[in-house]
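Protein chains: 4
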Amino acid sequence: MRLGEEIAVTLFGESHGAVVGALVEGMPAGISVDAQSLAKDLSQRKPGGEFASKRREDDECHILSGVNEGFTTGWPILLLIANKDVRSSDYSFLPNHPRPGHADLPELARTRGYSDLRGGGANSARLTAGLVAAANICRPIEATSDWQVEAHVHSIGEVSSAEIETLPLGEGEVWDRIRCRDSAAGVKMIELVEQMKVEQDSIGSSVELRISGLPLGFGEPWFEGLEPALANALMAIPAARAIEFGRGISASVMRGSEHNDTWFRASDGPLPVGEKADGALGGMATGADIIVKLHFKPPSSIPQEQVTLNLDSGEVETLFVAGRHDPVIAPRAVAVVESVARLVLSDLAVKGGWSQDE
Amino acid sequence: MRLGEEIAVTLFGESHGAVVGALVEGMPAGISVDAQSLAKDLSQRKPGGEFASKRREDDECHILSGVNEGFTTGWPILLLIANKDVRSSDYSFLPNHPRPGHADLPELARTRGYSDLRGGGANSARLTAGLVAAANICRPIEATSDWQVEAHVHSIGEVSSAEIETLPLGEGEVWDRIRCRDSAAGVKMIELVEQMKVEQDSIGSSVELRISGLPLGFGEPWFEGLEPALANALMAIPAARAIEFGRGISASVMRGSEHNDTWFRASDGPLPVGEKADGALGGMATGADIIVKLHFKPPSSIPQEQVTLNLDSGEVETLFVAGRHDPVIAPRAVAVVESVARLVLSDLAVKGGWSQDE
Amino acid sequence: MRLGEEIAVTLFGESHGAVVGALVEGMPAGISVDAQSLAKDLSQRKPGGEFASKRREDDECHILSGVNEGFTTGWPILLLIANKDVRSSDYSFLPNHPRPGHADLPELARTRGYSDLRGGGANSARLTAGLVAAANICRPIEATSDWQVEAHVHSIGEVSSAEIETLPLGEGEVWDRIRCRDSAAGVKMIELVEQMKVEQDSIGSSVELRISGLPLGFGEPWFEGLEPALANALMAIPAARAIEFGRGISASVMRGSEHNDTWFRASDGPLPVGEKADGALGGMATGADIIVKLHFKPPSSIPQEQVTLNLDSGEVETLFVAGRHDPVIAPRAVAVVESVARLVLSDLAVKGGWSQDE
Amino acid sequence: MRLGEEIAVTLFGESHGAVVGALVEGMPAGISVDAQSLAKDLSQRKPGGEFASKRREDDECHILSGVNEGFTTGWPILLLIANKDVRSSDYSFLPNHPRPGHADLPELARTRGYSDLRGGGANSARLTAGLVAAANICRPIEATSDWQVEAHVHSIGEVSSAEIETLPLGEGEVWDRIRCRDSAAGVKMIELVEQMKVEQDSIGSSVELRISGLPLGFGEPWFEGLEPALANALMAIPAARAIEFGRGISASVMRGSEHNDTWFRASDGPLPVGEKADGALGGMATGADIIVKLHFKPPSSIPQEQVTLNLDSGEVETLFVAGRHDPVIAPRAVAVVESVARLVLSDLAVKGGWSQDE
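Protein chains in written order, with our numbering: chain G, 1 to 358; chain E, 1001 to 1358; chain A, 2001 to 2358; chain W, 3001 to 3358.
The following block contains the structure:
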């Protein structure tokens, strides 16, 4: 439940408990905190959107420590979001009827029945609200540096967007509804999701992340490197099943002469040049964009009858999960992916001494 | 350079320095250590194989602390492997001519010129010898539990193997040469690699990893979970560019009704059933096999003329890297992938109290 | 702000902020939580007692996550205590008039003016409420094992108690007022403290801690050992200036023939025998009692005129600190010392696998 | 076995194993390494001195990684010292006859008989050689800052030195023999130790440590603060039994009006003034000297007959421990105390960003 070493974020809370949130340790003193920006970031991932769960949460985030007169103090920052619209009666089938595709049963086994399984308990994607809140506090580190983090919906089912680096920043109605910067693809994605709702099914999706402007050498080697650290943090987002960097899985069918990026001189220093040139080598930034694709499975909660094991009787029974769930993950995950990337980069920036120029 | 929390492995050394190796902390006392098994594991990844670098190292591993009369003592275990066949003259083009696709230049920037870049320095895949040695010490933890770790070459270029779970264990000539359990595919892989050598080029590849037998609930949630922990550790293997779990990138085009695995009752407890049913949900084991695909780019060192920036003059110049390098990564990476998985699982086993039944 | 590795407690909050509290990570699932016991422990250290600060806080502790139906879930436990009776106007002399003996000025320098200094900010002993709350959650670990933690006031000024192992458990009026188990000494201590109040001064004190019943070999070596871990945690209690184990500073004038404890056989195993035989050797328990003395300076806030530097003018000026402060530290520190010891032992118990017999 | 977070030192080795040493992680790149200085520091604590163990070790330290052309590279530094003069036959009484005052028996219990007990195994003070070597690498951090670390023998038995701040730096014959800067006291100490050898006994002692020149605000709060971090690290030195900061145990009999140090203005900023004014408040430096006294018990190995339990027979038997041991600890501990303080300060310097002015 702890992400990062220098800037360490510990998530807490349960989907149907009193609160969710994050404790942020190691944030430098003197970083300005902006309540409006925090509310806006949280609104990007909050439930209740068009294609999102019908759970209604205002997701107001209380900053209870570590901030004084609008600036971080260097002490632990407690970020607290109350759970309000909880309908635990929806989960009366637990613990005896574990949902297909959910962590109910492994969690039951792991904690010997002691954890709160309702709504996914502490495994719920609701806890990503704490990640988004924590990442918002890190935004000024990014602003005073030159790097930028952007993500959007790359694909839903078979509908794919153009490449992120060729697209304008997201805005307008299609963006608001589906978080894809390619309007043409976005319209088709919306149609597909609407069809899923009609068919009482859900659909897989992917998010593309672009990190630009990292200085040459930013990062750490081996297990703390850019790709391993991002892979760790992003694969922890519920429902993530695969992650690709740069040319991703295509790299495994390429030749060296084709894949190698040549070092050229750009206006502000050396830069590797190539089609989708690697933005990180050996865990460290090259100056080129880091392009990441994160693939999500379709949401496991679907509004149709399924079968599962009745743990009590040992029989397979039908199960209908009411709940209020999303037919697709990527649109709400965009804000989470950006937040997780921001946390990883901020941690690496402090670790490597890159954030201290301010 | 540190992997794991309960069983923590810190790598050290440089490709052209005196040694490489690992310090292993947290290993429980009383684990038997087998010098022959250690030598065998190291031989699987050592340079000098048919399609491997021509560097000759006997890779004898000295255990200098933490083992007493054949058993671990519970104290730090120092594993030391001397570098012998170092030809540093091959690297006289550094630091001014950073190699395409290598970490030379980011590393130069990160350490302000202080690190030893020859042969990739501490970023070299040679340091994976320390991972293999450390993982060997963990083997008895796996043996007393019921889980198993196996990997093989899944693809080289466009040549793919059948699925790992359908194949016999690796043995025989094709296995020895290329580490693919599918002999028919293996023969074609060998041809392809030989062709690469003729063409003075290199080729991408992938390794498939199968973890079977983990008990239901094994693992941890969120950032320490099975998938995030494996993604972190495996993506740190030099040249890894993408990682897939279960149905991997295919999951992002599937529907929920299709992707959801149903819980059924197997002989020894509940089990999710489905095509490539997920072996981990929310970071915890389901009882099904965990299937991982790790994609490697083609080796960046190719025996043909390339161009790069001369940092001194600011001009682009041709560069021919002599060195002794592999035309493909997967065959030697099989042992490393297995080792890394073994380290991650051993760490999680101690963390979750699963290893203490012995 | 983080204590422990397996059971890790992170404190948060400020003396004059909204809350204080603790986030507890790593607590095993299935530990029963008792709200009454929690309230009782907190009442032992809360302000408002006879010789304590006149600040009135009910110190009600809200458990906001990690506990389900009365048992820990194995997930992070958020313990929150609201600040209510805050009189920040008392601190209008800050930041320009740093108080003698307080951390105001070093903290101002360390955080470049960004932290909240009122009432000591996050350096305030008020944050020990979080330690006491967190330690209460660990009590059942102690109950299912055989060890016990007890502390009492050993001395105030020149008035000393008899040795803790010769005294009955604390109860009755003297205990309630001054937390000394030696009634005769306690009466004199009360007189001394009352005299201090008359003289508008404060007085130094010490707490004695006795840990009994640890099994032979409990603990870890070197920096994580019993004495180093206890020294670290106990010396972090505000105003602690010295710590002694076993024969303490007397050991430095003794001879080996006199100091060495002989191993004899007790009813349940080997035991070192000697006058104040060492309860820990090399960081590990011997079976004998561990006796610790923790020495506190007199409270720095005294209700008389003092002088300090005006940082603005650079002149030395008189300063009268109103506030509401204790004339002696040990009586309220008894609960904190016990709590800190309980946290350290619980962490070591989990680390060494001693807590898993339940 | 791991000290520090930013600069982390992990000790390894056993007294009668192949090696002892340290792995140093987190050292910034570009720190110059001086082999002569390293040898000199190690010679200060090495066995074979006049009043030291007769074990002869040249204590040559091999730097096997992390240093390139005389400078640190930023990668892990492996420091290795071979054990040469091992006489394991001296320890044939183990494991069945645990020595009084030693960790033999708790260690035997803790590791269920698997660790190497000869010469104290990994609990041996021989492992402090790794601390001294690691601290030497940190010396340039101290040199480029303004702080200084000095220690000397404060007392042996009842013979005490004058206060360290009143004494010249150590040199000359008395210093060489006994490491006390007060020559008059040193002469008496030498006499006392010689008498102990005649009487086949050992004697307790203490070391005084003075840290001067830390900038105001240097350090961290709570458990990572100067006093708690130093207490943790110094109490891990074998045989340490008590530690005092500033006025130490005397503080517990003082009044606030007497103990409080007033902030005055010194030439380069505010400074607390008082008799032995506290050099640290709340874990952070005040600008005044930090004075620490560390009390050691007499060495437990004495060349006379003792009694102990025969674990095999359950009977108490006489035991004569041959070995080669010191009659007093402080003289050899001076170098270790300085080294440990240097490591703690270097770690805090990196943590707080104080070391980056270079």
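Note that beta-carbon positions come from the ideal geometry of N, C-alpha and C, so glycine has one too.
Alpha carbons only, please: which of the options is nearest the one belonging to residue i?
i: TRP1075(E); options: SER2313(A), TRP2222(A), ARG2177(A); result: TRP2222(A)
i: ALA3029(W); options: SER3206(W), ASP3326(W), THR3073(W), GLU3057(W); result: THR3073(W)
i: ASN260(G); options: HIS1102(E), GLU1060(E), VAL1009(E); result: HIS1102(E)
i: PHE320(G); options: PHE12(G), SER92(G), LEU38(G); result: SER92(G)
i: SER2206(A); options: PRO3327(W), MET3254(W), TRP3263(W); result: MET3254(W)
i: ALA266(G); options: ILE1290(E), GLY1314(E), HIS1295(E), ALA1288(E); result: GLY1314(E)
i: ILE2063(A); options: LEU2023(A), ASP2312(A), SER2089(A); result: LEU2023(A)
i: VAL1149(E); options: GLU1305(E), PRO1298(E), ASP1312(E), VAL1292(E); result: VAL1292(E)
i: ASP37(G); options: ALA8(G), ARG177(G), CYS138(G); result: What sits at residue 37(G) in the sequence shown is Ser, not Asp. Among ALA8(G), ARG177(G), CYS138(G), the Cα nearest to that of SER37(G) belongs to CYS138(G).
i: CYS61(G); options: PRO100(G), LEU131(G), VAL159(G), ARG55(G); result: LEU131(G)
i: GLY121(G); options: GLY279(G), VAL328(G), ILE211(G), VAL20(G); result: VAL20(G)
i: GLN1204(E); options: LYS1040(E), ASP1326(E), LEU1348(E), ALA1035(E); result: In the sequence under discussion, the amino acid at residue 1204(E) is Gly, which differs from the Gln named in the question. Here the closest residue by C-alpha is ASP1326(E).
i: ASP41(G); options: ASP59(G), ARG55(G), MET27(G), GLU25(G); result: ASP59(G)
i: SER3212(W); options: THR3262(W), LYS3276(W), VAL3009(W), GLY3026(W); result: LYS3276(W)
i: GLY3172(W); options: GLU3194(W), HIS3016(W), SER3161(W), VAL3187(W); result: VAL3187(W)
i: SER3257(W); options: ASP2278(A), LEU2271(A), GLU2199(A), GLY2246(A); result: GLU2199(A)
i: GLY2988(W); options: GLU3014(W), TRP3263(W), ARG3181(W); result: Given a span of 3001 to 3358 for chain W in the structure shown, any question on residue 2988(W) remains unanswerable.
i: GLU1224(E); options: MET235(G), HIS295(G), GLY225(G); result: MET235(G)
i: GLY2004(A); options: LEU2094(A), MET2196(A), LEU2230(A); result: LEU2230(A)
In the DSSP assignment, find the unbroken alpha helix (DSSP H) run with residue i in it and report its ends.
i: THR3073(W); result: Unbroken run through THR3073(W): none, as it is neither H nor E.
i: PRO228(G); result: 226 to 234
i: GLN1036(E); result: 1035 to 1045
i: LEU192(G); result: 183 to 198
i: PRO140(G); result: 128 to 144
i: ARG1110(E); result: 1104 to 1110
Report yes if the C-beta distance between residue i and residue j is below 7 Å; otherwise report no.
i: LEU2078(A); j: ALA2133(A); result: no
i: GLU3244(W); j: GLY3283(W); result: no
i: PRO140(G); j: SER32(G); result: yes
i: ASP3201(W); j: ILE3302(W); result: yes
i: ARG1045(E); j: VAL1337(E); result: no
i: ALA3135(W); j: SER3339(W); result: yes
i: ALA2239(A); j: ILE2329(A); result: yes
i: SER3233(W); j: VAL3344(W); result: The amino acid occupying residue 3233(W) in the given sequence is Ala; Ser does not appear at that position. Yes; because the gap between Cβ atoms is below 7 Å, this pair is in contact.
Considering just the uninterrupted stretch of the beta strand (DSSP E) at residue i, what are its terminal residues?
i: PRO3331(W); result: Here PRO3331(W) belongs to no beta strand (DSSP E); instead the alpha helix (DSSP H) covers 3330 to 3351.
i: LEU117(G); result: Taken as a continuous stretch (DSSP letters only), LEU117(G) belongs to no beta strand (DSSP E), as it is neither H nor E.
i: SER3155(W); result: 3148 to 3156
i: LEU2169(A); result: From DSSP, LEU2169(A) is part of no beta strand (DSSP E); its letter is neither H nor E.
i: PHE2012(A); result: 2008 to 2013
i: SER2205(A); result: 2205 to 2212
i: ALA1022(E); result: 1019 to 1025
i: SER1065(E); result: 1061 to 1065
i: VAL1307(E); result: 1306 to 1309
Q) Which residues, in chain order, does the stretch 2012 to 2023 of chain A contribute to contact with chain G at a C-beta distance below 9 Å? A) PHE2012, GLY2013, GLU2014, GLY2017, ALA2018, VAL2019, VAL2020, GLY2021, LEU2023
### Task
Compile a chain-ordered list of the residues in the stretch 3087 to 3099 of chain W whose CB is closer than 7 Å to at least one CB of chain A.
PRO3098
Requested in this report: Report the residue ranges of all beta strand (DSSP E) runs contained in full by the stretch 1241 to 1299 of chain E; include only those spanning at least 3 residues, in chain order.
Outcome: 1262 to 1266, 1269 to 1273, 1290 to 1296, all fully within the stretch 1241 to 1299 of chain E.
_Residues, ordered as in the chain, of the stretch 3022 to 3036 of chain W that lie near chain E by beta-carbon distance below 8 Å_ = Residues passing the 8 Å Cβ filter: LEU3023, GLU3025, ALA3029, GLY3030.
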